[in-house]
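Visitor: Shown below is the structure under consideration.
There are 2 protein chains.
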Amino acid sequence: MDRKTVPRVVIIGAGFGGLIAARKLATSAVQVTLIDRRNYHTFQPLLYQVATAGLSPGEIAAPIRWILRGRSNVRILMGEVEDVDVSRRVVRLVDADIPYDYLIVAAGASHAYFGHDEWEPFAPGLKTIEDALEIRRRVLLAFELAERQAAESGEQVQLNFVVVGGGPTGVELAGTLAEIARRALVNEFHSIDPERTRILLLEGGPRVLPAYPEDLSRSAGEQLRHLGVEVHTSAMVTGIEPAAVITSQTRLPAAVILWAAGVAASPLGKKLGAPVDRAGRVLVNPDLSLPGHPEVFVIGDLASLKDKNGNPLPGLAPVAMQQGKATAKNIERELRGNPRQNFHYLDKGSLATIGRAAAVAQFGKVHISGFLAWLSWLFVHILFLIGFRNRIIVLIQWAWAYFTYERGARLITGSTQLPSWNQLQSEEHNQTVGRKSA
Amino acid sequence: MDRKTVPRVVIIGAGFGGLIAARKLATSAVQVTLIDRRNYHTFQPLLYQVATAGLSPGEIAAPIRWILRGRSNVRILMGEVEDVDVSRRVVRLVDADIPYDYLIVAAGASHAYFGHDEWEPFAPGLKTIEDALEIRRRVLLAFELAERQAAESGEQVQLNFVVVGGGPTGVELAGTLAEIARRALVNEFHSIDPERTRILLLEGGPRVLPAYPEDLSRSAGEQLRHLGVEVHTSAMVTGIEPAAVITSQTRLPAAVILWAAGVAASPLGKKLGAPVDRAGRVLVNPDLSLPGHPEVFVIGDLASLKDKNGNPLPGLAPVAMQQGKATAKNIERELRGNPRQNFHYLDKGSLATIGRAAAVAQFGKVHISGFLAWLSWLFVHILFLIGFRNRIIVLIQWAWAYFTYERGARLITGSTQLPSWNQLQSEEHNQTVGRKSA
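Quick note, the sequences are listed as chains A and B, same order.
Just so you know, we're using my numbering here: the first sequence kicks off at 141 and counts up by one.
Just so you know, we're using my numbering here: the second sequence kicks off at 141 and counts up by one.
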């Protein structure tokens, strides 16, 4: 086949949406180029397990080249996309221009601080493997610091872990931190009692998991409290300092602050030239194409589309995966001379884990809580994890953790020096020390 | 029991020697304080597996507190030892002084560049988890860079990986890199052929594995060549530049340079005030005590002691473990009023792995090579790995890798930008970019 006549499809981003689109197009008569700044796909739903030392990065990530190995029409480029020139139909990397006939933009989202980027060093968010390792470092170092201080002074400082944001990520982080403090570290410290750690979850709205039905939110709140988390709703954060969170009501001293309160779409969205919503998501056509540019599609967390009831589609893996598949199909249809179809999200249910044997699940009108919801969560996440080996290993890690309360990856990497409490909040410390000792 | 009358044993370093000593003393009437700059014990014999993307850090390391959990007379302090004041019997940390009645110094060794510390950025060594991740980053990035360059220019650059040093670490790194290039990456690249990567192993002496009998060295060399490694003996490295290794014969361009040519004992050795050998190891008494200070013991890679034939004991885990045990026993003996015993190393054999189904082993006069030696190596390393869960998971990873040639942890973490070939050699790049993107 003449290479020049084969349509070139470029996909930006190897998250759930981009990867599914690439897989689907691998059997079509197109030349696919998948661009990602990483060499691996991250299974984001389990990132919190890396942040809380339950799993190692390699267990929830898989090399993109390996996932798409043997697909002779899929080329993978590791690189950072700087811009897209929709008029010239070219994707701009730092060091190369990649032309396309079709473009699928699946660049995702990152955490956002609502105009307070100065909070980031004190309250890291959780979107990448590096974020997860930094959170793990801070959490584990906090216990070590407290132990050292108590050994010298004879008094235990109050360890507060504050999680800002009561959505799924905040809930799973808070629940798992409670398990670490209450169970995983028992019998390991002499001068402090890790059980005296306070885990606080701050949610600005009236209830946790606001996207879920009210009864499940209520249940999630109860399950969190049962695990030992102090849940504060209607708690608006007005400031974050090196070791404190300020809300409209109070000032909370905090050894570790985690940010799970907001996401913003990739800045690439704005560069496409079409209108975006407040979070920077591109307002796409019903077939996920960019207004004015039918050859460009935007999918996943970067796309803003409403379902048939007028509610915006949530930023979830199933949405991105269905969109990736639908877009690949529309490109195939068009190449065969058939008309495109509009995207309709099929909601198969949603699951949020809270901690050990604690979760909520919604399958249509069926709402379940607790152990059964947690088992469903486990099953679905093992099923969708990429790579059979990762599935086996994660299953073993979880079974082990369930029966022993141990967590498999409790390593403090990066810094080799104990920081002060204020230094603990700063990545700067980690990197300076890392460099010095290197 | 009155706390003040209980002898205080301080152990510096939670490597093989320090850990065994702490475990043994946990059942004695002493108060043990174990100090390490890390919160985890690293199973060093498998570090090369992390460097070559076969295992994740969490799979070969275990938290020290967890290993020694429930031992009520063993206190663990995470901290960096600055100095030891043997006259005042105090260990100095940055922020605290720890007094002792007995001291066991097990601070180990690091890699050394024979007075050429300026080579380190271009040729990292392998002693810590961070070292391993940096090596992994460079190796994987080199293939990505070559692919990008070939996609643009249409020509494949020659990828050379140069390993300096033909001891056990150099041999296992070179053998495993060959497997990655020849097998693990097949079918994953479109513009380059990873099999065309050259793996060069440079050894200054006349044969690889110089500490092994000659027939095993010869066999190791053959097994390396069979795996695709170019072995150069009597190749003295005289210079290392950003992307080249200079030997007395030639100048080798190199995408990745790894240093496995020398170790130096921890600088703590010199601070003890007793004579040290050229590598900085303390010349200890036959009972492993510090000359002039019977209450101080030096064990493991930091100690220099000769066996009954007058040969220096090698820097191996079994030596450190036997010394840790012997020292704990001597302290117990002395506290019961019995005389100390001199240390004698019981050589149960040695094993060096080379790669897939390739290894050499020496058990007394029995020398074996190839698959059987490799199986023995696997068995011993699974057996000594700490933590039952880690054993299961490493076993699964290895079984999987054996049958599929896949490697489980092929993630490039740290930098999100492709460096230039020269930048690839510099950790600075990794950290600068990491900070920018954080």
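Beta carbons are placed, not taken as given, at the ideal position from N, Cα and C, and that holds for glycine.
Remember, predicted model here, so these are calculated numbers, not experimental data.
Who are the Cβ neighbours of A419/B in its own chain at under 7 Å, not counting the five residues just before and after it?
Guide: As a working note, residue 419/B is residue 279 in the second sequence. Result list for A419/B: V403, A404, A405, in chain order.
Visitor: How many whole angstroms separate the CB atoms of V224/A and L412/A, which I take to be in contact at a CB cut-off of 8 Å?
Guide: Locating residue 224/A in the first sequence gives position 84, counting from the first residue. Locating residue 412/A in the first sequence gives position 272, counting from the first residue. Yes, they are in contact, since the Cβ atoms of V224/A and L412/A sit about 6 Å apart, within 8 Å.
Visitor: Pair every Cβ in the region 173 to 188 of chain B with every Cβ in the region 162 to 175 of chain A, then say whether three or more of these pairs are closer than 8 Å.
Guide: Flag = no, the region 173 to 188 of chain B and the region 162 to 175 of chain A do not touch.
Visitor: What does DSSP give as the partner residue(s) for W399/B in the beta ladder?
Guide: If you number the second sequence from 1, residue 399/B lands on position 259. Its beta-bridge partners are V304/B.
Visitor: Could you tell me whether any Cβ in chain A is nearer than 8 Å to the Cβ of I380/B?
Guide: The count along the second sequence starts at 1 and reaches residue 380/B at position 240. Chain A contact via Cβ: absent.
Visitor: Three-state secondary structure (DSSP) at V542/B?
Guide: By one-based count along the second sequence, residue 542/B stands at place 402. For the sequence presented, residue 542/B should be read as Tyr rather than Val. If DSSP states are grouped into helix, strand and coil, Y542/B belongs with the helices.
Visitor: Going by beta carbon distance, what residues of the same chain come within less than 6 Å of V150/A, once the five residues before and after it are set aside?
Guide: Numbered from 1 along the first sequence, position 10 holds the residue referred to as residue 150/A. T173, V231, I238, Y240, L243, listed in sequence order.
Visitor: Have a look at the DSSP bridge pairing and note the partners of K446/B.
Guide: To locate residue 446/B, count along the second sequence from 1; it is residue 306. Looking at the DSSP assignment, K446/B forms a beta bridge with P452/B.
Visitor: Return the bridge partner residues of M218/B from the DSSP annotation.
Guide: In the second sequence, the residue the question calls residue 218/B occupies position 78. Answer by DSSP bridge pairing, in chain order: D176/B.
Visitor: My output table needs one value for A286/A: the three-state DSSP class, helix, strand or coil.
Guide: Here residue 286/A corresponds to residue number 146 of the first sequence, with the count starting at 1. Of the three classes helix, strand and coil, the one that applies to A286/A here is helix, per DSSP.
Visitor: Of all Cβ atoms in chain A, is any one closer than 8 Å to the Cβ of A549/B?
Guide: By one-based count along the second sequence, residue 549/B stands at place 409. Chain A, which has a Cβ nearer than 8 Å to the Cβ of A549/B, makes this yes.
Visitor: For P353/B and V438/B, what's the separation of their Cα atoms in angstroms?
Guide: On the second sequence, position 213 is the one that residue 353/B refers to. On the second sequence, position 298 is the one that residue 438/B refers to. Taking the straight line joining both Cα atoms gives about 29 Å.
Visitor: What runs of the beta strand (DSSP E), each 3 residues or longer, lie entirely inside the region 299 to 344 of chain B?
Guide: Correct list: 300 to 304, 338 to 342.
Visitor: For S196/B, decide whether its Cβ has a neighbour in chain A, counting only Cβ atoms nearer than 8 Å.
Guide: What you label residue 196/B is simply residue 56 of the second sequence in a count that begins at 1. It does; some Cβ of chain A falls within 8 Å.
Visitor: In three-state terms, what does DSSP make of F503/B?
Guide: Here the question's residue 503/B lines up with position 363 in the second sequence. Looking at F503/B - three-state DSSP - the assignment turns out to be strand.
Visitor: DSSP beta-bridge partners for Q171/A?
Guide: The residue labelled residue 171/A in the question sits at position 31 within the first sequence. In the DSSP output, where bridge partners are listed per residue, Q171/A has R148/A.
Visitor: Can you find a CB in chain B that lies within less than 8 Å of the CB of I175/A?
Guide: Walking along the first sequence from the start, residue 175/A turns up at place 35. So no, I175/A is outside the interface.
Visitor: If L349/B and A457/B are in contact, beta carbons under 8 Å, what's the gap, nearest whole angstrom?
Guide: Locating residue 349/B in the second sequence gives position 209, where the first residue counts as 1. Locating residue 457/B in the second sequence gives position 317, where the first residue counts as 1. Going by Cβ atoms, the distance from L349/B to A457/B rounds to 17 Å, so no, they are not a contact pair.
Visitor: Within the same chain, show all residues whose beta-carbon is closer than 8 Å to that of H330/B, passing over the 5 residues directly before and after it, in chain order.
Guide: For this step, residue 330/B is matched to residue 190 along the second sequence. Closer than 8 Å at the Cβ level, and outside the excluded window around H330/B, lie E287, A291.
Visitor: Is there at least one Cβ from chain B nearer than 8 Å to D217/A's Cβ?
Guide: Counted from its first residue, the first sequence places residue 217/A at position 77. Note on identity: in this sequence residue 217/A is Leu, with Asp being the wrong assignment. L217/A counts as touching chain B.
Visitor: Output the boundary residues of the alpha helix (DSSP H) element that contains A162/A.
Guide: Taking the first sequence and counting its residues from 1, the one referred to as residue 162/A is at position 22. Note, A162/A: alpha helix (DSSP H), 156 to 165.
Visitor: Taking the C-alpha atoms as reference points, what is the distance between R365/B and V371/B?
Guide: For this step, residue 365/B is matched to residue 225 along the second sequence. For this step, residue 371/B is matched to residue 231 along the second sequence. Near 7 Å, if we compare the C-alpha coordinates of V371/B and R365/B.
Visitor: Decide if H484/B is buried, meaning its Cβ has at least 16 other Cβ atoms within 10 Å, or exposed.
Guide: Within the second sequence, the letter at position 344 stands for residue 484/B. Per the 10 Å Cβ criterion, exposed.
Visitor: Is T572/A helix, strand or coil when you go by DSSP?
Guide: As a first step, residue 572/A must be located in the first sequence, where it is residue number 432. For T572/A, the predicted model reports a pLDDT of 34, less than 50, meaning its position is unreliable; a value from the coordinates is still stated below. Reduced to three states, the DSSP call for T572/A is helix.
Visitor: Tell me which residues of the region 267 to 290 of chain A have at least one Cβ-Cβ distance to chain B shorter than 7 Å, keeping chain order.
Guide: Listed in sequence order: I269, E270, L280, E284, R288.
Visitor: State the beta-bridge partners of P393/A as determined by DSSP.
Guide: Along the first sequence, one-based indexing puts residue 393/A at 253. DSSP output for P393/A lists A384/A as bridge partner(s).
Visitor: Quick one: Cα of N570/B to Cα of I275/B, how far?
Guide: For the purposes of this step, residue 570/B is taken as residue 430 along the second sequence, with counting starting at 1. For the purposes of this step, residue 275/B is taken as residue 135 along the second sequence, with counting starting at 1. Model confidence at N570/B stands at a pLDDT of 45, short of 50, so the residue's coordinates are unreliable and nothing is read from them.
Visitor: K469/A to D441/A, Cα distance in whole Å?
Guide: Position 329 of the first sequence holds residue 469/A. Position 301 of the first sequence holds residue 441/A. K469/A and D441/A: Cα-Cα distance of roughly 19 Å.
Visitor: Secondary structure at G440/A, three-state DSSP: helix, strand or coil?
Guide: Here residue 440/A refers to the residue found at position 300 when the first sequence is read from its first residue. Helix, per DSSP.
Visitor: In terms of DSSP beta bridges, what is P203/B paired with?
Guide: By one-based count along the second sequence, residue 203/B stands at place 63. The partner list for P203/B (beta bridge, DSSP) reads Y180/B.
Visitor: Using 10 angstroms around the beta-carbon of Q579/A, count the other beta-carbons present and answer buried if the total reaches 16, otherwise exposed.
Guide: Coverage of chain A is limited to positions 141 through 578, which leaves residue 579/A absent and any answer about it impossible.
Visitor: Using a Cβ-Cβ cut-off of less than 8 Å, give me the residues of the region 407 to 427 of chain A that come near chain B, in sequence order.
Guide: Result list empty, no residue passes.
Visitor: Give, in chain order, every residue of the region 199 to 211 of chain A whose Cβ lies closer than 7 Å to some Cβ of chain B.
Guide: Hits within the stretch, in order: E199, A201, P203, R205, W206, R209, G210.
Visitor: Would you please verify whether the beta carbon of R336/A is less than 8 Å from any beta carbon of chain B?
Guide: Position 196 of the first sequence, counting from 1, holds the residue named residue 336/A. Not an interface residue.
Visitor: Which residue spans inside the region 477 to 539 of chain A form an unbroken alpha helix (DSSP H) run of at least 4?
Guide: Runs found: 511 to 524.
Visitor: For P458/B, name the three-state secondary structure that DSSP assigns.
Guide: Here residue 458/B refers to the residue found at position 318 of the second sequence. Three-state DSSP puts P458/B in a helix.
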